[in-house]
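Here is the structure we will look at.
2 protein chains.
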Amino acid sequence: MLNEIEKRQSIRKYKNKMVENEKIEILLRAAMNAPSARNTQEWKFIVITQKKALSDITKLSPYTQFVKSAPCAILVIADLNKAINKEYGMINCSAAIENMLIEAVHQGLGTCWCGIAPNEDRIVGFQRNFNLKDFEYPVGLVAIGYSDQEKPLSDYFRSEVVRYIKEDE
Amino acid sequence: MLNEIEKRQSIRKYKNKMVENEKIEILLRAAMNAPSARNTQEWKFIVITQKKALSDITKLSPYTQFVKSAPCAILVIADLNKAINKEYGMINCSAAIENMLIEAVHQGLGTCWCGIAPNEDRIVGFQRNFNLKDFEYPVGLVAIGYSDQEKPLSDYFRSEVVRYIKEDE
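Protein chains in written order, with the working numbering: chain A, 26 to 194; chain B, 26 to 194.
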């Protein structure tokens with residue numbers, strides 16, 4: 026299995042070290058090269074490295090306290106003017122986010138995906154805080170930095186959730 | 026950027042060659058090692074290699090004619106008994122699907138992600154066809170095989186969908 030998929034973990038403690046601009050651009054490029062249904066590419070990104078803005082995020086969602094000590098976070102938004110609908114916005118942006126998480130491992134970075142949609146309080150909070158328009162639908166926030174955390178790797182494979190429809194059935 | 030992310034494309038024409046069981050298991054392992062909010066891991070998978078079952082899929086969704094000539098397809102289902110809600114089911118299963126697509130490139134395979142949710146007709150069609158329970162919510166179908174198609178690579182990076190909130194603002 027691809028090393029980057031195997032090693033991806035949710036990292037909530039980061040070294041006091043900035044993420045290089047080049048690496049942030051590569052993460053965005055990975056995100057934008059995700060597939061989207063009917064090639065709508067409705068994703069938009071806000072790259073947040075300002076300390077105050079990172080700290081303000083902790084007020085918008087209950088499990089984001091650690092974000093204030095992250096050097097960077099990227100807010101991923103679905104542009105509902107381009108999306109087929111809200112649900113496809115979530116689906117396509119989730120593929121983009123997953124690409125970002127995998128690419129981050131490749132770049133030696135740790136990440137944590139913080140859910141926003143479909144929680145209405147969080148959506149409204151992020152929309153207000155970042156002056157988003159009504160059609161700008163925040164799907165998730167990805168905290169990014171150099172990991173300062175050692176976690177054992179897990180393998181979540183479970184054969185019992187797989188069914189097979191084969192030729193000989 | 027990770028080679029596998031850069032090279033992923035939607036492939037709709039496959040060689041007449043089976044996908045090895047070992048490779049299918051690696052794809053499932055990649056999928057199950059995606060992150061899920063609150064670690065719900067609500068995904069379930071149906072691996073379809075039976076010709077009739079692959080052919081039947083073409084009646085369930087309008088853009089799936091090519092699936093009948095694919096050697097394999099994996100249906101990804103959210104178990105709503107485990108999911109926080111339907112939307113999180115879509116989000117988490119989308120991350121799992123994206124891992125599968127990336128891993129497939131690593132295994133030398135081509136894939137095409139066919140959307141199901143939130144389209145009600147397709148959901149009901151797949152539920153009936155595969156005898157799913159009400160709480161088994163089909164999110165997407167991934168066709169898999171050895172590519173028999175040459176497509177130029179595209180880079181969908183667009184700087185205009187990125188906003189920055191930096192320290193000096």
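Positions of the beta carbon are idealized from the N, C-alpha and C atoms, including for glycine.
With distances taken between CB atoms, is the gap from residue i to residue j smaller than 8 Å?
i, j, result
"E67(B)", "A120(B)", "no"
"I122(B)", "V149(B)", "no"
"I30(B)", "A95(A)", "no"
"E112(A)", "P143(B)", "yes"
"E128(B)", "I51(B)", "yes"
"F151(B)", "L85(B)", "yes"
"N58(B)", "N117(B)", "no"
"A103(B)", "I82(B)", "no"
"A168(A)", "F91(A)", "yes"
"R33(A)", "L126(A)", "yes"
"G165(B)", "I141(B)", "yes"
"E192(A)", "K76(B)", "yes"
Considering only DSSP beta bridges, list what residue i is partnered with.
i, result
"T89(B)", "None, per the DSSP bridge assignment."
"S172(B)", "Y39(B)"
"G140(B)", "G165(B)"
"G135(B)", "G170(B)"
"A78(B)", "According to DSSP, A78(B) bridges with nothing at all."
"L53(A)", "Looking at the DSSP assignment, L53(A) forms no beta bridge with any residue, so it has no partner."
"Y181(A)", "Answer is none; Y181(A) lacks a bridge partner."
"D104(A)", "E161(A)"
"C97(A)", "I169(A)"
"V72(A)", "I99(A) and Y189(B)"
Please confirm if residue i has its CB atom under 8 Å from at least one CB of chain B.
i, result
"I169(A)", "no"
"P60(A)", "yes"
"L27(A)", "yes"
"E161(A)", "no"
Compare the C-beta of residue i against all C-beta atoms of chain A and say whether one is closer than 8 Å.
i, result
"N110(B)", "yes"
"S119(B)", "yes"
> Which residues, in chain order, does the region 62 to 86 of chain B contribute to contact with chain C at a C-beta distance below 8 Å?
Replying inline: Of the protein chains in the structure, A and B, none is chain C.
> Mind listing which residues of the region 35 to 55 of chain B have their C-beta closer than 7 Å to chain A's C-betas, in chain order?
Replying inline: S35, I51, L53, R54 and A55
>> I want to know whether the region 166 to 177 of chain B touches the region 34 to 45 of chain B - three or more CB-CB distances under 8 Å.
In response: yes
>> Please list, in chain order, the residues of the region 121 to 140 of chain A that have any C-beta partner in chain B closer than 8 Å.
In response: Residues passing the 8 Å Cβ filter: I122, E123, N124, L126, I127, E128, H131, W138 and G140.
> Looking at C-beta atoms only, is the number of pairs between the region 156 to 163 of chain B and the region 134 to 153 of chain A that lie closer than 8 Å three or more?
Replying inline: no
> What residues in the region 175 to 194 of chain B have a beta carbon less than 9 Å from any beta carbon of chain A?
Replying inline: Here the close residues are S179, D180, Y181, F182, R183, S184, V186, V187, R188, Y189, I190, K191, E192, D193 and E194.
> What residues in the region 140 to 155 of chain B have a beta carbon less than 7 Å from any beta carbon of chain A?
Replying inline: Of all residues in the region 140 to 155 of chain B, only G140, A142 and P143 place a beta-carbon less than 7 Å from a beta-carbon of chain A.
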